[in-house]
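Down below is the structure, laid out as structure tokens.
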Amino acid sequence: MLSTLVGIALAEGRIRSLDQPMLDFFPEYSAGALDSGVRGITLRHLLTMSDGISWEGLDFLLAEDKLAGPLRHEPGTRFYYNSMSPQVLSIILTRSTGRSARDYALQRLFGPLGISEVRWPEVQGHSLGAFGLELSTRDLAKIGYLFLNQGRWAGRQIVPPEWIAEATRPHIRAPRSQEFIALTGPYFVDQYGFYWWIRPDQDPPAYLAQGYGGQFLYVIPGLDLVAVITAEDQDSKENLHALGYLALIDRFIVPAAR
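In my numbering, the protein residues as written are 3 to 260.
Set out below in structure tokens:
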């Protein structure tokens, strides 16, 4: 959801470029003692989880020490899933638009789609970037349908089609252990877009978003198909519930839809 809002803000000129440095939005930290690599982090790196920010945890109150480094790796060279990346992006969105991600979405995304029942927690006026958004199953399906239709809804262009294409193409690979690959088998997914997981080699190609507890949104443009699952699976490890979802889609739903 957050990457979609960034695409809208970019189209509106509120964000200049995805290659704009992160620190452009945090001038209060620019003069600090930062790791040299921090100055090279861009919005594109945040969107692809390749920024290298080393801070982890559930404390999302931004402070200079969380951005100062040292970095895990040079920005753009490796994927590392870190909840701080979308949190920083959420703050950037607020500073760019003057609204929290939730309020901006209600105006520019949820509102046009008729989505009004939204729970999205905030910390100091900033929507949580990594998790916490609650939508109904039907409303989550609307997001998938919006992407399926190249960002158009009821004759209105909500998200630029160029952004849809860019957000849902592979940008980086996520490193996986051999144990994980063996466990996931044919449902192994390691290609990542802008907060979307991508299956470009699947027949037909597809992309998906998954969230804590078993939330799942799957889009297959070639079949004009959107699949959504919402759940409350707090015991799942490594999001392995997604394996069952992918098996269900690949083995039963896709053949039925052909």
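All residues carry an ideal CB built from backbone N, CA and C; glycine is no exception.
These numbers were taken from a predicted model, which means no experiment stands behind them.
Might you give, ordered along the chain, the residues of its own chain that have their beta carbon closer than 6 Å to the beta carbon of residue 13, omitting 5 neighbours on each side? Taken in chain order, the residues that qualify are 162.
Does the stretch 195–212 touch the stretch 166–186, meaning 3 or more C-beta pairs lie closer than 8 Å? Enough Cβ pairs lie closer than 8 Å, so yes.
Residue 102 versus residue 201: straight-line alpha-carbon distance, rounded: Straight-line Cα distance between these residues: approximately 31 Å.
What does a CB cutoff of less than 8 Å around residue 58 pick up in its chain, not counting 5 residues either side in sequence? Once the five neighbours on either side are set aside, the close Cβ partners of residue 58 are 84, 85 and 86.
When the Cα of residue 243 is compared with those of 211, 223 and 221, which residue comes out closest? Out of 211, 223 and 221, 211 has the C-alpha closest to the C-alpha of residue 243.
When DSSP builds the beta bridges, which residues end up paired with residue 155? According to DSSP, which records beta bridges pairwise, residue 155 is partnered with 158.
I'd like the list of long-range same chain contacts for residue 21, defined as Cβ closer than 8 Å, with 5 residues on each side in sequence excluded. Cβ-Cβ distances below 8 Å link residue 21 to 44, 45 and 46 in the same chain, with the five nearest sequence neighbours on each side left out; the list follows chain order.
For residue 98 versus residue 16, is the C-beta distance shorter than 8 Å? Between residue 98 and residue 16, the CB-CB gap stays under 8 Å.
Do you know whose CA, among 145, 207, 9 and 19, lies nearest residue 114's CA? Of 145, 207, 9 and 19, the smallest CA-CA separation from residue 114 is found for 145.
Report buried or exposed for residue 79, applying the criterion of at least 16 other Cβ atoms within 10 angstroms of its Cβ. Answer is exposed; the Cβ neighbour count stays below 16.
For residue 231, which residues does DSSP report across the bridge? Looking at the DSSP output, residue 231 bridges to 218.
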